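*Asks:*
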Amino acid sequence: MTWYEGEDLKKHKPSLQPGEKRIITQFHDEGCFHVNEFKLSAWLKHGQSVLQKKSRGRLIYMSDFINEEDGHLVQHNEHGKIIWDAQKVIYPGASGDSWWDTEQLLTQVDISMDIFNSTHPDCQALFIFDQSSTHASLGLDALRAFDMNKGNVIPDTNPMASMCGKPQKLTTERGDAKGLQDTLEERGFDTQGMHAKCAPICPFENDRCCMAHLLSKQDDFVNQISMLEAAITARGHLCLFLPKFHYELNPIEMYWGYAKYCYWEVFKTSFAEAKEIAIQSLDACPIETIQHFINRSWCFMSAYCLGLTGKAAEWAVRKQKSHHSVAQHAMLAIDSILN
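Quick look at the structure:
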């Protein structure tokens with residue numbers, strides 16, 4: 001993986017073994033702008049006021065990728081003009097486009113891989129996503145404890161060793177879904193006294209509250225990959241999902257913030273004008289700034305890998321703001337402060 005170090009963002013290329021491909025990370029996220037978004041502070045004369053809109057206005061919704069080498073996942077022609085862009089913009093609402101869903105994301109990712117393969121034919125992409133229901137959607141033929149619509153092989157971790165590896169059909173001979181109790185008992189579980197499903201939801205951190213929850217915790221149910229990951233790995237690329245509640249690990253969040261600041265600075269009089277300004281605000285972020293954003297996220301990842309958390313991780317990242325990772329001397333400085 002190529003990385004950029006220092007204030008001048010000096011480029012460092014990886015040393016590859018025969019047969020290895022250079023990996024280029026593509027950070028993904030969705031962001032939105034509203035027509036009536038404007039900066040929250042302004043200089044006014046005494047007695048002067050600003051009449052604000054009562055609503056935020058129509059929505060401009062975007063799904064995009066950023067990376068260290070190109071800034072954006074795009075393809076240019078010989079004149080430097082963008083001819084293929086992975087960015088997807090929709091205008092959802094009552095009279096607009098349909099809301100963003102898994103189907104639209106899969107289409108965008110498929111186009112993104114086409115662009116990547118065309119612009120970097122000898123490289124491998126690592127697509128990084130945050131945790132959301134859209135990203136984690138399973139296929140229609142996936143194992144679901146509440147539907148049980150597919151035959152299965154009992155996993156090797158089943159408590160009854162004699163049952164491991166044997167096929168288990170989750171439907172009856174007529175094609176009807178087999179009951180939860182029968183399915184669990186075939187796997188060697190004692191379901192006596194257990195009810196089928198909790199209402200309205202299952203208790204937190206409880207594996208045996210009901211039959212449906214118990215079955216959903218079995219390895220063959222838990223270890224299913226999402227449609228998104230399956231689509232990416234099927235084409236020879238890599239897919240990674242960030243942990244929940246860690247926005248600092250996704251640099252595109254900082255990119256959205258940069259674009260939002262530019263967008264707020266401009267007064268918009270119409271929806272058409274807002275759409276143009278939103279695109280201009282996204283394009284205003286230079287590639288060097290995107291590289292600094294990505295370095296900051298890599299530093300947080302490095303700090304967490306070294307065992308730092310909370311304020312200590314933030315301090316280490318500030319000390320190493322021009323670097324790609326947290327260095328050993330920063331760790332020694334933290335030790336000297338704590339001890």
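Going by full-length UniProt numbering, the first residue of the sequence shown is number 1, and it counts up by one from there.
All C-beta atoms, glycine included, are put in the ideal place defined by N, C-alpha and C.
All figures in this text were calculated on a predicted structure; none of them were measured in a lab.
Taking 6 Å as the limit between beta carbons, can you name the residues of its chain near residue 31, skipping five residues before and five after?
*Replies:* If we look at residue 31 and ignore the five residues flanking it on each side, its Cβ neighbours are 62 and 256.
*Asks:* Going by DSSP in three states, residue 269 sits in which element: helix, strand or coil?
*Replies:* Coil, per DSSP.
*Asks:* What are the start and end residues of the alpha helix (DSSP H) that includes residue 163?
*Replies:* It is not in any alpha helix (DSSP H) - residue 163 carries neither H nor E in the DSSP assignment.
*Asks:* Ends of the beta strand (DSSP E) at residue 25?
*Replies:* From DSSP, the beta strand (DSSP E) with residue 25 extends over 22–34.
*Asks:* Compare the Cα-Cα distances from residue 264 to each of 130, 38, 10 and 2 and report the closest residue.
*Replies:* Of the listed residues, the one whose Cα sits closest to residue 264 is 38.
*Asks:* Starting from residue 61, follow the beta strand (DSSP E) in both directions and report where the run begins and ends.
*Replies:* Residue 61 -> beta strand (DSSP E) spans 59–67.
*Asks:* Is it true that the region 307–318 meets the region 98–108, where meeting means three or more beta-carbon pairs spaced less than 8 Å apart?
*Replies:* With a cut-off of 8 Å, the region 98–108 and the region 307–318 do not count as touching, because too few Cβ pairs lie within range.
*Asks:* Could I get the ranges of all uninterrupted beta strand (DSSP E) runs contained in the region 66–128, with 3 residues as the minimum, in chain order?
*Replies:* Fully enclosed beta strand (DSSP E) runs of 3 or longer: 74–76, 82–85 and 88–90.
*Asks:* With burial defined as no fewer than 16 other Cβ atoms inside 10 Å of the residue's Cβ, what is the status of residue 201: buried or exposed?
*Replies:* It is exposed - the Cβ of residue 201 has fewer than 16 other Cβ atoms within 10 Å.
*Asks:* Name the residue from 308, 140, 261 and 305 whose alpha carbon lies nearest to the alpha carbon of residue 226.
*Replies:* Nearest of 308, 140, 261 and 305 to residue 226, Cα basis: 140.
*Asks:* Output needed for residue 105: all residues of its chain with C-beta closer than 8 Å, excluding positions within five of it in sequence on either side, in chain order.
*Replies:* So the list reads 63, 134, 135 and 228, once near-sequence residues are dropped.
*Asks:* For residue 116, which residues of its own chain have a beta-carbon under 6 Å away from its beta-carbon, when the five flanking residues on both sides are left out?
*Replies:* 125, listed in sequence order.
*Asks:* Which word fits residue 72, buried or exposed, when buried means at least 16 other C-beta atoms lie within 10 angstroms of its C-beta?
*Replies:* Buried.
*Asks:* From residue 23 to residue 67, what distance separates their C-alpha atoms?
*Replies:* Cα-Cα distance, rounded: 11 Å.
*Asks:* Residue 6 and residue 322: beta carbons closer than 8 Å?
*Replies:* In this structure, residue 322 lies closer than 8 Å to residue 6 by Cβ.
*Asks:* How is residue 216 classed by DSSP in three states: helix, strand or coil?
*Replies:* It is helical.
*Asks:* Is DSSP giving residue 43 helix, strand or coil here?
*Replies:* Coil, per DSSP.
*Asks:* Note down the Cα distance separating residue 209 from residue 198, rounded to an integer number of angstroms.
*Replies:* Approximately 7 Å, taken between the alpha carbons.
*Asks:* Just to confirm the assignment: which complete alpha helix (DSSP H) runs, minimum length 4, are found wholly within the region 244–289?
*Replies:* Whole alpha helix (DSSP H) segments, 4+ residues: 252–264 and 271–283.
*Asks:* Return the residue from the list 290, 45 and 33 that minimises the CA-CA distance to residue 59.
*Replies:* Cα-wise, what sits closest to residue 59 is 33.
*Asks:* If the criterion is Cβ atoms closer than 8 Å, does the pair residue 110 and residue 231 meet it?
*Replies:* Yes.
*Asks:* Taking DSSP as the reference, what is the three-state secondary structure of residue 180?
*Replies:* Residue 180: helix per DSSP, three-state reduction.
*Asks:* For residue 213, which option in 236, 12, 224 and 184 has the closest C-alpha, if you only look at C-alpha atoms?
*Replies:* Of 236, 12, 224 and 184, the residue nearest in Cα terms is 184.
*Asks:* CB residue 127 to CB residue 28, shorter than 8 Å?
*Replies:* The answer is yes: Cβ separation under 8 Å.
*Asks:* Taking just the CA atoms, how far does residue 260 sit from residue 283?
*Replies:* Taking the straight line from one Cα to the other gives about 12 Å.
*Asks:* Nearest by alpha-carbon distance to residue 80: which of 87, 180 and 70 is it?
*Replies:* Minimum Cα distance to residue 80 is reached at 70.
*Asks:* According to DSSP, is residue 239 helix, strand or coil?
*Replies:* In this structure, residue 239 counts as strand in the three-state DSSP scheme.
*Asks:* What span of residues does the alpha helix (DSSP H) with residue 311 cover, start to end?
*Replies:* Taken as a continuous stretch (DSSP letters only), the alpha helix (DSSP H) holding residue 311 covers 310–319.
*Asks:* Apart from the five residues just before and just after residue 238, which ones in its own chain have a Cβ nearer than 8 Å to its Cβ?
*Replies:* Once the five neighbours on either side are set aside, the close Cβ partners of residue 238 are 23, 124, 125, 126, 127 and 232.
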